[in-house]
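Trainee: Structure in structure tokens, see below.
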Amino acid sequence: MPATREVTGRARLSGVLLLAVSLMMLSGCARLFPKPQYDQGDPNRLHHIGSDLNGAYDPYSREHEANFKSVERFNAERFKAKKTEAEKSRAATDDAGNRALYAQYQSLLDDIELEMLGQAWQEKGRGGDTLKVLLFFHGGLNHPRYNDERLDHYLKDMEADGFYPLYVSWRSGAFVSFWDRFTAVRNGGIATGPVAPVRGTIYTLSDALSGLAKAPETGWDAAADSFAAADARRRGVDRDRSDYLPSDALYWPASDSYSFLDQTLYRTGLVLPGVVRLVTTPAVQGLGTPAWSMMLRRTKHLTTMEADVLGYNEDYCGDACAVEGNGVVAVLARRLDAMNQRLPAGMTMEITLVGHSMGAIVANELVSLYPQLPYKTIIHMGAADSSRNWIDKMYPWLKDHADDPDVAFYNLVLHPTSEEREVRGYFLIPNGSLLVWLDDMLTQPDHMLDRRSGRWTNARHLLPFYEDAGNAYLKVFPANDDSVPQNHGDFGKFRYWREDFYWGREG
6 MPATREVTGR ARLSGVLLLA VSLMMLSGCA RLFPKPQYDQ GDPNRLHHIG SDLNGAYDPY
66 SREHEANFKS VERFNAERFK AKKTEAEKSR AATDDAGNRA LYAQYQSLLD DIELEMLGQA
126 WQEKGRGGDT LKVLLFFHGG LNHPRYNDER LDHYLKDMEA DGFYPLYVSW RSGAFVSFWD
186 RFTAVRNGGI ATGPVAPVRG TIYTLSDALS GLAKAPETGW DAAADSFAAA DARRRGVDRD
246 RSDYLPSDAL YWPASDSYSF LDQTLYRTGL VLPGVVRLVT TPAVQGLGTP AWSMMLRRTK
306 HLTTMEADVL GYNEDYCGDA CAVEGNGVVA VLARRLDAMN QRLPAGMTME ITLVGHSMGA
366 IVANELVSLY PQLPYKTIIH MGAADSSRNW IDKMYPWLKD HADDPDVAFY NLVLHPTSEE
426 REVRGYFLIP NGSLLVWLDD MLTQPDHMLD RRSGRWTNAR HLLPFYEDAG NAYLKVFPAN
486 DDSVPQNHGD FGKFRYWRED FYWGREG
């Protein structure tokens, strides 16, 4: 039967929508959220460092574009016998681009060091003896543009408080992470080529079916959590507070109860779209789990690139390559270490290290790989790392510095009710913060210590470690109080480097 005009119109609309979604996925929303482009005189240029998808430097500059091509060169090297002269010429061009990219990063670090040394001399002239560095790592589902906006908003305040801020950004959005899974990565390694879209289609189908197959388990867990949360709320909004307050390592200000109207609206929102969540929850679980895996891969590239592991990093960092890794964070750490030795006589560097959500994973890795850096205040905000990883990587370092009265670690968590009540998509997708999703849907914890350390439910079990270290603290923000974070993404809206935010407890 010939297609009617109505059917043809629907087909065209479907095609347009499919093309739009495909292009969005292909670009990782790059067109919707372009990366920062700084002029030479832009005040943010010397405070914002970018990483590309491989962990190499990504210049946020109008003059330069990222050109890290080692992955393509390595794939070509595997088939040397088949390489044409044109391919050899392209490989040589790519190698030159890689070297130029690393040189651009070193040039940026030179400019940053010059600025920091200038600040150190000014501080010394005022009778001070400390260069304060604020090092910030953002979380998942972020774009470099967000850090640019944070700098626009808070740079002057940070400088007024005596800090030299350094923000490190990488693309950790859902679309670009899913696209990695779809086209570029297999079993933890790069796997590109003509069959990648075929493999990606199979993977996507497998992910979707996995979400459907696990729907009964996911639904059961979500229902069990809802009943547990409802039971806890019957015991009061601050139900666990009195049980743990005797700990000197805990600060939990009291919360105000939610109004009857607020509770009614929330419960109504849980019930009415429930049928829709029967469909969206398996999709979140099935597609979100591999996307989270790709986000984790990006954080690991920040210190150790795949190029480092496979041994084709020499055309990027050359003689400066280090065995522990050459991602942007590793290179920055080594430069900060060297800079600390070049400060004016009598001056010392102090690093305030801040990690929000996935950024806490990077912070833990940094402390583990570069324990010699002069960290003083370490702040995790809604940490998406596991309790086990904190015990393995941060806890030993804190124990080693227990005699330094200026060293302290702060774990900032949402109130458990705020964590459970966080709403996305007008109740059409599962409730709860990202950390709730991770513990309940997107990961498979083998042990209680494999759950997220940034949730009160899990962080309370770390209090014995905090008390043993003597310099680690846990703060729970009160619920139903807009002057403090109420949702997982709220932490960046506050002046988190100030003590009245990350602690504020008297005595």
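When the count follows the working numbering, it moves up by one through the sequence shown with no breaks and lands on 512 for the last residue. By construction, the Cβ of each residue, glycine as well, lies at the ideal position given by its N, Cα and C atoms.
Does the segment 36 to 54 come close enough to the segment 113 to 128 that 3 or more CB-CB pairs lie under 8 Å?
Mentor: Contact holds: three or more Cβ-Cβ distances are below 8 Å.
Trainee: Do T422 and A335 have their CB atoms nearer than 7 Å?
Mentor: Here residue 422 refers to the residue found at position 417 of the sequence shown. Here residue 335 refers to the residue found at position 330 of the sequence shown. The answer is no: Cβ separation not under 7 Å.
Trainee: Does DSSP classify F499 as helix, strand or coil?
Mentor: Position 494 of the sequence shown, counted from the start, is the residue given in the question as residue 499. Here F499 sits in coil by DSSP.
Trainee: Thinking C-beta only, is G216 closer than 7 Å to Q109?
Mentor: Residue numbering aside, residue 109 sits at position 104 when the sequence shown is read from its first letter. Residue numbering aside, residue 216 sits at position 211 when the sequence shown is read from its first letter. It is not a contact, given that the beta carbons lie outside the stated cut-off.
Trainee: Starting from the Cα of R303, find the closest Cα among R95, H143, Q124 and T286 and give me that residue.
Mentor: Here residue 303 refers to the residue found at position 298 when the sequence shown is read from its first residue. R303 has its Cα closest to that of H143, out of R95, H143, Q124 and T286.
Trainee: Kindly indicate which three-state DSSP category W402 falls into: helix, strand or coil?
Mentor: Indexing the sequence shown from 1 puts residue 402 at position 397. The answer is helix: DSSP assigns W402 an H, G or I state.
Trainee: S177 and N147 look like a contact to me (Cβ under 8 Å); what is the Cβ gap, rounded to whole Å?
Mentor: Mapped onto the sequence shown, residue 177 falls at position 172. Mapped onto the sequence shown, residue 147 falls at position 142. At roughly 5 Å, the Cβ-Cβ gap stays under 8 Å, so S177 and N147 are in contact.
Trainee: Are the Cβ atoms of P41 and P149 separated by less than 7 Å?
Mentor: As a working mapping, residue 41 is identified with position 36 in the sequence shown. As a working mapping, residue 149 is identified with position 144 in the sequence shown. For P41 and P149, yes; Cβs fall inside 7 Å.
Trainee: Using 10 angstroms around the beta-carbon of A254, count the other beta-carbons present and answer buried if the total reaches 16, otherwise exposed.
Mentor: Translated into positions along the sequence shown, residue 254 becomes position 249. So A254 counts as buried.
Trainee: Report buried or exposed for D324, applying the criterion of at least 16 other Cβ atoms within 10 angstroms of its Cβ.
Mentor: Translated into positions along the sequence shown, residue 324 becomes position 319. By the neighbour-count rule (16 or more Cβ atoms within 10 Å), D324 is not buried but exposed.
Trainee: Out of K480, T286 and V481, point me to the one whose CA is closest to N3's CA.
Mentor: Residue 3 lies beyond the range of the chain shown here (6 to 512); nothing can be said about it.
Trainee: Which same chain residues, not among the five before or five after A477, have their C-beta less than 6 Å away from its C-beta?
Mentor: Here residue 477 refers to the residue found at position 472 when the sequence shown is read from its first residue. The residues are L403, F414 and Y471.
Trainee: If you run the structure through DSSP and keep just helix, strand and coil, what is R510?
Mentor: Counting from 1 along the sequence shown, the entry for residue 510 is found at position 505. It is coil, neither helix nor strand.
Trainee: Given G430, which residues of its chain have a CB within under 8 Å of its CB, disregarding the five upstream and five downstream residues?
Mentor: Along the sequence shown, read from residue 1 onward, the residue named residue 430 stands at position 425. Closer than 8 Å at Cβ, skipping near neighbours: T285.
Trainee: Which value, in whole angstroms, describes the spacing of the CA atoms of V203 and L210?
Mentor: Here residue 203 refers to the residue found at position 198 of the sequence shown. Here residue 210 refers to the residue found at position 205 of the sequence shown. Roughly 11 Å separates the two Cα atoms.
Trainee: Note down, one range per segment and in chain order, each alpha helix (DSSP H) of at least 4 residues found wholly within the segment 293 to 380.
Mentor: Listed in chain order, they are 311 to 315, 319 to 322, 333 to 346 and 364 to 374.
Trainee: How big is the Cα-Cα spacing for G351 and R510?
Mentor: As a first step, residue 351 must be located in the sequence shown, where it is residue number 346. As a first step, residue 510 must be located in the sequence shown, where it is residue number 505. Using only the alpha carbons, I get a separation of about 32 Å.
Trainee: With a 10 Å radius around its C-beta and 16 neighbouring C-beta atoms as the bar for buried, classify A296 as buried or exposed.
Mentor: Reading the sequence shown from its first residue, position 291 is the one you call residue 296. Buried is the call here.
Trainee: With burial defined as no fewer than 16 other Cβ atoms inside 10 Å of the residue's Cβ, what is the status of L387: buried or exposed?
Mentor: Here residue 387 is taken as the residue at index 382 of the sequence shown, counted from 1. For the record, residue 387 in the displayed sequence is Gly; it is not Leu. Buried is the call here.
Trainee: Could you work out which residue in V412, D100 and E370 is closest to D397 when comparing CA atoms only?
Mentor: Here the question's residue 397 lines up with position 392 in the sequence shown. That would be E370, whose Cα lies nearest to the Cα of D397.
Trainee: When the distance is taken between beta carbons, is K480 closer than 7 Å to Y256?
Mentor: As a position in the sequence shown, residue 256 is number 251, starting the count at 1. As a position in the sequence shown, residue 480 is number 475, starting the count at 1. Yes, the Cβ-Cβ distance between Y256 and K480 is below 7 Å.
Trainee: For Y110, name the three-state secondary structure that DSSP assigns.
Mentor: Position 105 of the sequence shown, counted from the first residue, corresponds to residue 110. It is helical.
Trainee: Between L106 and Y321, which are expected to be in contact by the criterion C-beta below 8 Å, what is the C-beta distance as a whole number of angstroms?
Mentor: To locate residue 106, count along the sequence shown from 1; it is residue 101. To locate residue 321, count along the sequence shown from 1; it is residue 316. Yes, L106 and Y321 are in contact; Cβ-Cβ is about 7 Å, under 8 Å.
Trainee: Looking at the structure shown, is V138 part of a helix, part of a strand, or coil, going by DSSP?
Mentor: Within the sequence shown, residue 138 is the residue found at index 133, counting from 1. In the structure shown, V138 sits in a strand (DSSP, three-state: E or B).
Trainee: Check the DSSP bridge columns for T382 and list the partner residues they point to.
Mentor: To locate residue 382, count along the sequence shown from 1; it is residue 377. In DSSP, T382 forms a bridge with T357 and A413.
Trainee: Going by other Cβ atoms of all chains shown within 10 Å of its Cβ, with 16 needed for buried, is E424 buried or exposed?
Mentor: Stepping through the sequence shown from its first residue, residue 424 is reached at position 419. Buried.
Trainee: By DSSP, does H53 sit in helix, in strand, or in coil?
Mentor: In the sequence shown, counting from the first residue as 1, residue 53 sits at position 48. If DSSP states are grouped into helix, strand and coil, H53 belongs with the strands.
Trainee: Give me the Cβ distance between L136 and A125, rounded to the nearest whole Å; I'm assuming they're in contact under 8 Å.
Mentor: Here residue 136 refers to the residue found at position 131 of the sequence shown. Here residue 125 refers to the residue found at position 120 of the sequence shown. L136 to A125, Cβ: 4 Å. Contact.
Trainee: Report buried or exposed for F232, applying the criterion of at least 16 other Cβ atoms within 10 angstroms of its Cβ.
Mentor: To locate residue 232, count along the sequence shown from 1; it is residue 227. F232 comes out exposed.
Trainee: Where does G216 fall in DSSP's three states?
Mentor: Here the question's residue 216 lines up with position 211 in the sequence shown. Of the three classes helix, strand and coil, the one that applies to G216 here is helix, per DSSP.
Trainee: Compare the beta carbon distance of R426 and D444 with 7 Å and say whether it is the shorter of the two.
Mentor: Counting from 1 along the sequence shown, the entry for residue 426 is found at position 421. Counting from 1 along the sequence shown, the entry for residue 444 is found at position 439. Cβ atoms of R426 and D444: not closer than 7 Å.
Trainee: What would DSSP say about F482, mapped onto helix, strand or coil?
Mentor: In the sequence shown, residue 482 corresponds to position 477, counting from 1. Coil at F482, not helix or strand.
Trainee: List the whole-angstrom C-beta distance separating D466 from S391, where the pair is believed to meet the contact cut-off of C-beta under 8 Å.
Mentor: The residue labelled residue 466 in the question sits at position 461 within the sequence shown. The residue labelled residue 391 in the question sits at position 386 within the sequence shown. Inspection of the sequence shows that residue 466 is occupied by His rather than by Asp. With a Cβ gap of about 12 Å, H466 and S391 do not count as contacting.
Trainee: Give the C-beta separation of I366 and A389 to the nearest angstrom, bearing in mind that I take them to be a contact with Cβ-Cβ under 8 Å.
Mentor: Position 361 of the sequence shown holds residue 366. Position 384 of the sequence shown holds residue 389. Sure, about 6 Å apart at Cβ, within 8 Å.
Trainee: Could you pull out every residue in the same chain whose Cβ sits closer than 7 Å to the Cβ of G14, ignoring the five residues on either side in sequence?
Mentor: Residue mapping note: residue 14 aligns to position 9 of the sequence shown, counting from 1. Legend: pLDDT at G14 = 44, less than 50; position of this residue unreliable, value from coordinates given subsequently. Hits under 7 Å: none found.
Trainee: With a Cβ-Cβ cutoff of 7 Å, do F482 and L419 count as a contact?
Mentor: Here residue 482 refers to the residue found at position 477 when the sequence shown is read from its first residue. Here residue 419 refers to the residue found at position 414 when the sequence shown is read from its first residue. A contact, by the Cβ cut-off of 7 Å.
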